[in-house]
Ligand SMILES: [Zn+2]
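Chains as they are written, first to last, in the working numbering: chain A, 152 to 340; chain B, 3 to 238.
Okay, here's the thing in structure tokens:
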């Protein structure tokens with residue numbers, strides 16, 4: 152199992168090969184659990200989310216389509232959808248829109264699980280962490296609400312008692328800062 | 003945004019997050035098709051959005067979580083296994099059902115131990131040796147398809163089938179898999195499909211068995227035949 156690619160493992164999972172699911176768990180539980188903790192800040196809830204994510208991997212019929220992007224990004228999308236659904240239910244708020252599935256569809260092709268790719272994942276991590284230093288407190292807070300906790304732009308505007316337009320332009324600025332650092336670093340390497 | 007038809011970034015953000023009405027969504031979609039500026043803007047925002055989780059500090063998951071998760075997944079499977087043969091069926095269940103169908107008692111301890119040992123030996127890597135695509139024998143029924151994986155775990159080899167788009171067998175009928183070598187066919191087991199037309203089958207390859215170069219699946223009048231009698235539905 153150890154030398155299988157993520158795609159191999161997902162194909163084995165599709166035909167109900169339990170050791171393949173366990174291997175995926177070992178590879179990604181840290182990521183899924185950390186994600187859930189960042190969103191909920193609660194161990195019990197994070198455990199429930201981890202369980203839902205791996206149950207989804209086991210039961211999904213659609214599966215992972217490698218032509219649409221890297222496995223890790225697909226898994227993050229699945230994790231985020233489940234996490235956001237979960238915490239929205241906790242908030243008893245099911246009126247908010249969901250956003251991720253549609254965005255996933257249009258993601259450009261990425262390279263497979265090559266060593267270069269693993270290096271680039273590491274690089275992105277460093278870049279993003281560095282770019283966070285350039286974000287203001289209100290920009291970081293916006294990401295926490297929007298990305299990690301799944302509030303809609305309108306809900307955030309309401310909570311902060313601001314016009315939606317203000318929230319949108321803050322988001323635009325925030326994404327721009329993140330993006331500029333990604334670009335800048337990319338050109339350096 | 004030189005183009006006067008361009009939307010402001012506000013609208014692109016609304017579009018990106020789905021907080022937009024249907025009419026505007028279609029309008030923006032059409033515009034993006036033909037406007038490189040807006041497309042690039044949107045792409046850059048998405049790149050940034052997808053980079054966000056990389057900022058996360060990774061923390062170790064609690065050690066006891068794995069058994070909790072696995073127990074809940076595989077316990078939930080069990081009722082399904084007993085009830086019906088479907089894509090949710092695990093290897094052991096598939097093998098058990100196969101044995102039941104061919105009239106071998108599951109109380110056979112030797113067989114059970116053998117299957118149990120294969121299933122629960124996670125220390126041995128499983129390797130896929132070969133994949134076969136199975137296509138409809140009758141071109142009018144091209145919804146039917148499937149694949150077969152020849153896998154090896156340690157010294158054990160097994161052939162795992164997964165098929166879709168078959169109609170449910172009636173009465174005593176069953177689907178039967180044949181391994182073909184130099185024109186002779188030997189049975190690799192029988193299976194049924196669920197309401198969605200999905201079925202799986204696991205077949206243990208024995209060391210002394212002759213190789214095979216092709217696979218055929220037929221719909222048989224019953225599950226105990228030694229030679230194909232029914233109509234071929236899938237094949238390599
Ligand atoms: Zn435009």
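Backbone N, C-alpha and C define an ideal beta-carbon position, used for all residues, glycine too.
N- and C-terminal bounds of the beta strand (DSSP E) containing residue i
i	result
residue 168(B)	Careful: residue 168(B) lies outside any beta strand (DSSP E) and carries neither H nor E.
residue 205(B)	201-207
residue 238(B)	Residue 238(B) -> no beta strand (DSSP E), and no H or E assigned at all.
residue 152(A)	Taken as a continuous stretch (DSSP letters only), residue 152(A) belongs to no beta strand (DSSP E), as it is neither H nor E.
residue 186(B)	186-193
residue 181(B)	176-183
residue 155(B)	147-155
Beta-carbon proximity of residue i to residue j, cut-off 7 Å
i	j	result
residue 233(A)	residue 203(A)	yes
residue 162(B)	residue 166(A)	yes
residue 219(A)	residue 58(B)	no
residue 153(B)	residue 179(B)	no
residue 209(A)	residue 163(A)	no
residue 275(A)	residue 56(B)	yes
residue 25(B)	residue 304(A)	no
residue 198(A)	residue 67(B)	yes
residue 145(B)	residue 167(B)	yes
residue 230(B)	residue 187(B)	yes
residue 160(B)	residue 224(B)	no
residue 54(B)	residue 298(A)	yes
Cβ-heavy atom distance, residue i to ligand 1, below 6 Å
i	result
residue 39(B)	yes
Run of the alpha helix (DSSP H) containing residue i, from where it starts to where it stops
i	result
residue 234(A)	222-241
residue 174(A)	169-191
residue 202(A)	194-210
residue 217(B)	Counting along the chain, residue 217(B) falls outside any alpha helix (DSSP H), though it belongs to the beta strand (DSSP E) covering 216-222.
residue 41(B)	38-53
residue 17(B)	11-18
residue 292(A)	288-294
residue 164(A)	157-165
residue 22(B)	No alpha helix (DSSP H) contains residue 22(B), which DSSP labels as neither H nor E.
residue 310(A)	304-311
Beta-carbon proximity list for residue i, same chain, < 6 Å, skipping 5 on both sides
i	result
residue 69(B)	none
residue 135(B)	149
residue 263(A)	Low per-residue confidence applies at residue 263(A): pLDDT is 43, beneath 50, and the placement is therefore not dependable, though the value from the model is reported in the following sentence. Closer than 6 Å at the Cβ level, and outside the excluded window around residue 263(A), lies no residue.
residue 152(A)	170 and 174
residue 255(A)	Low local confidence applies: a pLDDT of 40 at residue 255(A) is under 50, so the model's placement there is unreliable, and no value is given.
residue 216(B)	182 and 238
residue 212(B)	183
Spatial neighbours of residue i in its chain, beta-carbon cut-off 7 Å, leaving aside the 5 residues before and after
i	result
residue 34(B)	40, 41 and 44
residue 164(B)	148, 149 and 202
residue 221(B)	171, 175, 177, 232, 233 and 235
residue 214(A)	161 and 165
residue 347(A)	Examination of residue 347(A) is not possible in this model, given that chain A is present from 152 through 340 alone.
Sequence-distant residues of its chain with Cβ nearer than 8 Å to residue i (five each side left out)
i	result
residue 260(A)	Its pLDDT being 38, under 50, residue 260(A) is placed unreliably in this model, and the value from its coordinates should be taken loosely. These residues qualify, in order along the chain: 218, 219 and 220.
residue 201(A)	180, 183, 184 and 187
residue 272(A)	223
residue 285(A)	328 and 332
residue 18(B)	44, 47, 48 and 51
residue 169(B)	195 and 199
residue 133(B)	149, 150, 151 and 152
residue 230(A)	182, 183, 186, 187, 200 and 204
residue 325(A)	286, 290, 293 and 294
residue 227(B)	178 and 189
residue 322(A)	293, 297 and 304
Proximity test, residue i beta-carbon vs ligand 2 heavy atom, cut-off 6 Å
i	result
residue 284(A)	As far as ligands go, the structure on display features ligand 1 and does not contain ligand 2.
- Pair every Cβ in the stretch 287-299 of chain A with every Cβ in the stretch 316-333 of chain A, then say whether three or more of these pairs are closer than 8 Å. A contact exists between the stretch 287-299 of chain A and the stretch 316-333 of chain A.
- Can at least three beta-carbon pairs, one atom from the stretch 202-219 of chain B and one from the stretch 180-193 of chain B, be found at a separation below 8 Å? Between the stretch 202-219 of chain B and the stretch 180-193 of chain B there are three or more inter-stretch CB-CB distances shorter than 8 Å, so the stretches are counted as touching.
- Message: Under 8 Å, with one C-beta from each stretch per pair, do the stretch 169-180 of chain A and the stretch 194-211 of chain A reach the 3-pair mark?
- Response: Here the stretch 169-180 of chain A lies against the stretch 194-211 of chain A, with 3 or more beta-carbon pairs under 8 Å apart.
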